[in-house]
Amino acid sequence: MAHELPALPYAYDALEPIIDKQTMTLHHDMHHGAYVKNLNAAIEKHPNLAGKTAEDLIRDLNAVPDDIRAAVRNNAGGHVNHTMFWNIMKPKGGGDPSGPIADVIQKTFGNFKDFQTKFNDAGVKQFGSGWVWLAGKTTGEVQIISTPNQDNPISQGLYPILGNDVWEHAYYLKYNNRRPEYLAAWWNVINWDEINKRYATFKSGKAAHQPELAHR
Ligand code: MN3
8 MAHELPALPY AYDALEPIID KQTMTLHHDM HHGAYVKNLN AAIEKHPNLA
58 GKTAEDLIRD LNAVPDDIRA AVRNNAGGHV NHTMFWNIMK PKGGGDPSGP
108 IADVIQKTFG NFKDFQTKFN DAGVKQFGSG WVWLAGKTTG EVQIISTPNQ
158 DNPISQGLYP ILGNDVWEHA YYLKYNNRRP EYLAAWWNVI NWDEINKRYA
208 TFKSGKAAHQ PELAHR
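Position 73, counted from 1, in the sequence shown is what the numbering used here calls 80; the numbers after and before it change by one each time, with no gaps.
1. Are at least three pairs of beta-carbons, each pair with one atom in the stretch 135 to 146 and one in the stretch 167 to 180, less than 8 Å apart?
2. Drop a sphere of 10 angstroms on the beta-carbon of Gly130, count the other beta-carbons inside from all chains shown, and report buried for 16 or more, exposed for fewer.
3. Check whether the stretch 178 to 195 touches the stretch 22 to 34, counting contact only when three or more Cβ pairs, one atom from each stretch, lie closer than 8 Å.
4. Under 7 Å from any heavy atom of the ligand MN3, does the C-beta of His35 make it?
5. Under the criterion of a Cβ to heavy atom distance below 7 Å, does His86 qualify as lining the ligand MN3?
6. Quick check: what's the CA-CA separation for Pro155 versus Ala61?
7. Out of curiosity, what's the CA-to-CA distance linking Asp121 and Glu175?
8. DSSP on Ile26, reduced to helix/strand/coil?
9. Would you check whether the ligand MN3 has a heavy atom nearer than 7 Å to the C-beta of Asp172?
See below:
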């Protein structure tokens, strides 16, 4: 009943030239792999948590015992965040959004370009390691937020519709210290079909009961 590292849904070099093969290999196998390994090590100390999904664990961190709460926050968070991240990217992605996600972006931010500018700006301003998100609120509206480390919007009662990883491990080999350049380029690999699916899950109001990570 251990958590498992999901396979990348495409080849390691499939997002070239936006994200290079070496970055994808290290990021998936070593970084995401370590979050899964460390999550399993933490759960071994509390076998009663073995039936919970990674999302369930970070949805209510206060329910996690003190001695493993930080490990669960970081590593279940890392597992959930990266599982989403691989799936909201694809080769030959990008372009303008369409469907319901396009409508909510236009309604909330005026137009796609202004949304991108605000999202990238929030990613640039996240000090140190973290993520920038479009998150859904319980009221049904959406907002841009950033979080430190591997914190996920789920822990704040928000739904992660899409997010970009601004840890240096996500971009440093190719973009060095130029985080704004990485944030701008990332839109070229975004998978709007998958994001529309996530947005539909959020709008269904069933997000809390439909964890995307089936427990294995
Ligand atoms: Mn990462």
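Every residue gets a Cβ at the ideal spot worked out from N, C-alpha and C, and that includes glycine.
From the atom records:
1. The stretch 135 to 146 makes contact with the stretch 167 to 180: 3 or more CB pairs, one atom from each, lie closer than 8 Å.
2. Taking the sequence shown and counting its residues from 1, one reaches residue 130 at position 123. The residue in question, Gly130, is buried, as its Cβ has 16 or more Cβ neighbours within 10 Å.
3. yes
4. The count along the sequence shown starts at 1 and reaches residue 35 at position 28. False, no ligand heavy atom lies under 7 Å from that Cβ.
5. For this step, residue 86 is matched to residue 79 along the sequence shown. Checking the Cβ of His86 against the ligand MN3 gives no.
6. Here residue 155 refers to the residue found at position 148 when the sequence shown is read from its first residue. Here residue 61 refers to the residue found at position 54 when the sequence shown is read from its first residue. Cα-Cα distance, rounded: 18 Å.
7. The residue given as residue 121 occupies position 114 in the sequence shown. The residue given as residue 175 occupies position 168 in the sequence shown. Their Cα atoms are separated by approximately 25 Å.
8. By 1-based counting over the sequence shown, the position of residue 26 is 19. The answer is coil: DSSP assigns Ile26 none of H, G, I, E or B.
9. Start at 1 with the first residue of the sequence shown, and residue 172 comes out as number 165. Answer for Asp172: yes, Cβ within range of the ligand MN3.
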